[in-house]
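These notes concern the structure reproduced below.
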DNA sequence: CGAGGGGTTGACGTTGTTCAATGAGCGTGG
DNA sequence: CCACGCTCATTGAACAACGTCAACCCCTCG
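Protein chains in written order, with this note's numbering: chain A, 1 to 257; chain B, 1001 to 1257.
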């Protein structure tokens, strides 16, 4: 995959309501979200942009002036080691705020690249400040959203540090299945997962070859089939059990506040 | 080490000013912090508590009503895998807000345990709300503090996923040295690191035996000596180079806002 | 003086890597 | 339409990295 350097085709006044509403499901799982709040937010999110697979969407070290909500496609949060290998630290799916933490941090410590073709809508940092000022509950919601990413990071540390090969792959698939389900992107225990074995290796700390063997083992155990970009989970409870997957860390219970 | 279950000896009206001021160095590295702001914060942080090595200071899954600033001692953020092994995800040193993210999250996905004897001061969540309401800059500062933890998590993912044995150990030592320096806990490239090889293994994804061998290799290369609880870095530039350590992810540059 | 935690060592088994070769799928251009 | 090049996946064999087990030591604390 060519490392194309960020060719962003921004287009304004995109009619976001249908998509945006659909993909705010993640927020809705956690907070009550009124019509008014939704309207306040939607009003600010009108600038969309498209990226092709391989594009760098947000570049490490650059000062950010806006944050982005992913509407379509798969993205990856990643960082490079001095000798050039890439470590992926999170996969992002539609409905995820991919770089909301650039609001408090100003400058990101990592990049975000498009895994498949992607569409985003932008939210200016000054609009975030504005929303928070007008309605302080937004601060809580945004802060919370960035903290669930941190929680996912912790689970990945556990995954990389403590789980064996098969369990590790299984856990990644469990997480992505669970997150996809929230935004309505699953169909009878199948979901789109347009991630190559090389990229899975970069996420799991394995060589691509070994990822292939581990996927084959999951297939032989009649738990998972990955055909091109589609993953099917044949035995969800058994897979969860094998992976030691507990969705608690995704914070999907509704809360007040 | 016995897994003692949280025996907290709280004591009120602790005279924190000398310690608190000293250990707000971490915040000061990033934000200008006025006398008034300091006073507002200090006024709320008067309840201290002591823990012994091995105590669980904050327990996974419990609803939290306050957050804690570590004044003395070493602590660890950790989580357990279903089959009982522990994964450590961050070490905490004096000056760290160990569980500030329990404010937005309400309920933590992991535990915090005392590695050595510890002293903390508490800050009630309602006082946090109060501080933010009276002076909105506190929201930014607190949010920022939780985001630097997330950045550290990302670096650990990279460490676990992409670095080999020696480099991995080296990187951990670089991080802890760097963070210790900010709060004035280093002395000529030495610093206290009261972490056993078992615990280092739990943090780095290695067996304790292997950690021993890796430390020996760093010693043989004349880079590091770890004598009991004291680590001495003999060649800081070479160690940094070996580890591929770039302190950027600690966000130590001052910023406005 | 004994118990127990922490560290060290060596032999051996397991897990994952590397390299190189092979094949399937897909878009492109003739 | 086929031929070509490309990316992605698969396989086998040799090799390196790390884990496990068991024995041993040192130090500290009671």
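We put the beta carbon where it would ideally sit given N, CA and C, even for glycine.
Below 8 Å CB to CB, which residues in the same chain sit around residue i once its five sequence neighbours on both sides are set aside?
i, result
"residue 1045/B", "1016, 1020, 1069, 1121, 1122 and 1123"
"residue 58/A", "64, 68, 98, 99, 102, 108, 111 and 112"
"residue 1234/B", "1189, 1222, 1223, 1224 and 1225"
"residue 78/A", "86, 87, 88, 89, 110, 111, 112, 113 and 202"
"residue 1152/B", "1090, 1175, 1249 and 1250"
"residue 236/A", "177 and 189"
Take residue i and list the residues in its own chain whose beta-carbon comes closer than 6 Å to its own, dropping the five residues that flank it on each side.
i, result
"residue 1128/B", "1103"
"residue 72/A", "94 and 119"
"residue 117/A", "52, 53 and 73"
"residue 1043/B", "none"
"residue 1245/B", "1171 and 1174"
"residue 138/A", "131 and 132"
"residue 41/A", "none"
"residue 253/A", "none"
"residue 217/A", "166"
"residue 1084/B", "none"
"residue 1146/B", "1100 and 1101"
"residue 1201/B", "1207, 1208 and 1211"
"residue 1215/B", "1226"
"residue 148/A", "251"
With a CB to CB cut of under 7 Å and the five nearest residues on each side skipped, what residues in its chain are close to residue i?
i, result
"residue 183/A", "23, 25, 26, 93, 94 and 95"
"residue 1013/B", "The pLDDT assigned to residue 1013/B is 49, lower than 50, so where the model puts this residue is not dependable, and the model offers no usable value."
"residue 1198/B", "1208"
"residue 75/A", "57, 92, 98, 112, 113, 114, 115 and 118"
"residue 180/A", "93, 186 and 191"
"residue 1243/B", "1167, 1170, 1171 and 1174"
"residue 164/A", "none"
So the candidates are the options; which of them puts its Cα closest to the Cα of residue i?
i, options, result
"residue 241/A", "229/A, 219/A, 167/A and 198/A", "167/A"
"residue 89/A", "172/A, 214/A, 233/A and 53/A", "172/A"
"residue 1195/B", "1084/B, 1062/B, 1181/B and 1229/B", "1229/B"
"residue 125/A", "1132/B, 1140/B and 1135/B", "1140/B"
"residue 1115/B", "1218/B, 1217/B, 1247/B and 1193/B", "1193/B"
"residue 155/A", "203/A, 210/A and 142/A", "203/A"
"residue 247/A", "1200/B, 1061/B, 1032/B and 1048/B", "1061/B"
"residue 1177/B", "1239/B, 1160/B and 1135/B", "1239/B"
"residue 48/A", "32/A, 66/A, 33/A and 31/A", "66/A"
"residue 80/A", "1136/B, 1159/B and 1219/B", "1159/B"
"residue 1031/B", "213/A, 157/A and 105/A", "105/A"
"residue 1135/B", "1034/B, 1028/B and 1150/B", "1034/B"
Can you name the residues of chain B whose CB is closer than 8 Å to the CB of residue i?
i, result
"residue 81/A", "1158, 1162, 1163 and 1244"
"residue 144/A", "1104 and 1105"
Just to make sure I have the definition right: I need the residues of chain A whose C-beta is within less than 9 Å of the C-beta of residue i. Which are they?
i, result
"residue 1075/B", "Those within 9 Å of residue 1075/B in chain A number zero; the least Cβ separation is about 15 Å."
Which residue comes first and which comes last in the alpha helix (DSSP H) that contains residue i?
i, result
"residue 1103/B", "1102-1105"
"residue 44/A", "35-44"
"residue 202/A", "197-204"
"residue 252/A", "Taken as a continuous stretch (DSSP letters only), residue 252/A belongs to no alpha helix (DSSP H), as it is neither H nor E."
"residue 239/A", "236-243"
"residue 1217/B", "1208-1220"
"residue 86/A", "No alpha helix (DSSP H) holds residue 86/A; the beta strand (DSSP E) holding it covers 86-92."
"residue 26/A", "25-28"
Going along chain B, which residues have a C-beta under 7 Å from residue i?
i, result
"residue 249/A", "1109"
"residue 154/A", "1079, 1089, 1109, 1110 and 1153"
"residue 85/A", "1162"
Just to make sure I have the definition right: I need the residues of chain A whose C-beta is within less than 7 Å of the C-beta of residue i. Which are they?
i, result
"residue 1151/B", "109"
"residue 1219/B", "Result: empty, since nearest Cβ-Cβ is about 23 Å, beyond 7 Å."
"residue 1140/B", "104"
List the residues of chain B whose Cβ lies closer than 9 Å to the Cβ of residue i, in chain order.
i, result
"residue 30/A", "Within 9 Å Cβ-Cβ: nothing; residue 30/A doesn't reach chain B, min ~10 Å."
Going by DSSP, what residue range makes up the beta strand (DSSP E) through residue i?
i, result
"residue 1048/B", "1047-1051"
"residue 183/A", "Here residue 183/A belongs to no beta strand (DSSP E), and DSSP marks it neither H nor E."
"residue 1069/B", "1066-1072"
"residue 1191/B", "1190-1192"
Just to make sure I have the definition right: I need the residues of chain A whose C-beta is within less than 8 Å of the C-beta of residue i. Which are they?
i, result
"residue 1101/B", "147 and 150"
"residue 1205/B", "160, 161 and 162"
Complete runs of the alpha helix (DSSP H) confined to the region 1108-1173 of chain B [at least 4 residues]: 1125-1134 and 1137-1162
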